[in-house]
Structure formats: structure tokens, C-alpha cells
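Read the structure below first, then the notes.
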Amino acid sequence: QVQLVESGGGSVQAGGSLRLSCGASGSIFSISVMAWYRQAPGKQREFVAFITSVGITKYADSVKGRFTISRDNAKNTVSLQMNSLKPEDTAVYYCKAVDSFTSWGQGTQVTVSS
53 QVQLVESGGG SVQAGGSLRL SCGASGSIFS ISVMAWYRQA PGKQREFVAF ITSVGITKYA
113 DSVKGRFTIS RDNAKNTVSL QMNSLKPEDT AVYYCKAVDS FTSWGQGTQV TVSS
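Here it is as C-alpha cells:
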């Protein structure tokens, strides 16, 4: 397994941008899927985006065209570039690794004000 640590969260006005990073304690080169999820207050955790070991990506409809996920296997990091942020993007964002195991990070808060 790997330990995951998210960073890059913060407060931004609507229309702004943030870049989240997820650092892994070990190599992510062979990890099948790296993903981002988010959980807003009072709501269930929901899928945001994933990227496979061969670079295939998928996005939730709510973020498609605004968010971009990427992975740097050499640096053992996964990033989420978030543009055109909306107040409804406010949530705690979590990084997830899926292979023969599942690992979650502790989350990073993103707050978007109108």
C-alpha cells in the first residue's frame, strides 16, 4: 500500500483556479487507478476524476471541461487542476489509489465563494 497526502486546497472566489496535489509514500508507477473524490458538508463522498496507469482519464459530468487530472509517475504525484471554480465545488477533496489495495488520503479543503 501507499500513504497519500493531499495539498493545495484553499479559498478562492468563483471563477478562480486551484491545483491540488497528491503525494504518495511510494511508487505509483504500477498503481492501476489514481482518483480524486470530494465530499461536501452533509453529502456523500462523490467521484470527481480518475486516471489509469496508461493515462486513460474519466471525469464526473459536473467537472468535465473544467478539471484536469494528471499523474507524474517519476514524482509519485497526482494532480487535479481546477479551473472556473463554482461555489458548488466547495468540498473536502480526497485522493484515492486503487490496485490490489485501496488507499485514501486525509483530504484537503476547497472553498469557493460567490
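Under the working numbering, the first residue of the sequence shown is numbered 53, with each subsequent residue one higher.
Virtual Cβ for every residue (Gly too), placed ideally from N, Cα, C.
Alpha-carbon spacing of S155 relative to K95, whole angstroms = 21 Å
Quick one: what's got a C-beta closer than 6 Å to I103's C-beta in the same chain, skipping five residues either side?
-> M86, T109, I121 and R123
Per the contact definition of three or more C-beta pairs closer than 8 Å, is the stretch 135-142 in contact with the stretch 73-88?
-> With a cut-off of 8 Å, the stretch 135-142 and the stretch 73-88 do not count as touching, because too few Cβ pairs lie within range.
DSSP on D124, reduced to helix/strand/coil?
-> Here D124 carries a strand assignment [DSSP, helix/strand/coil].
Could you give the C-beta distance for S73 and S63, rounded to a whole number, given that I count them as a contact under 8 Å?
-> Incorrect: roughly 17 Å between the Cβ atoms, too far for contact.
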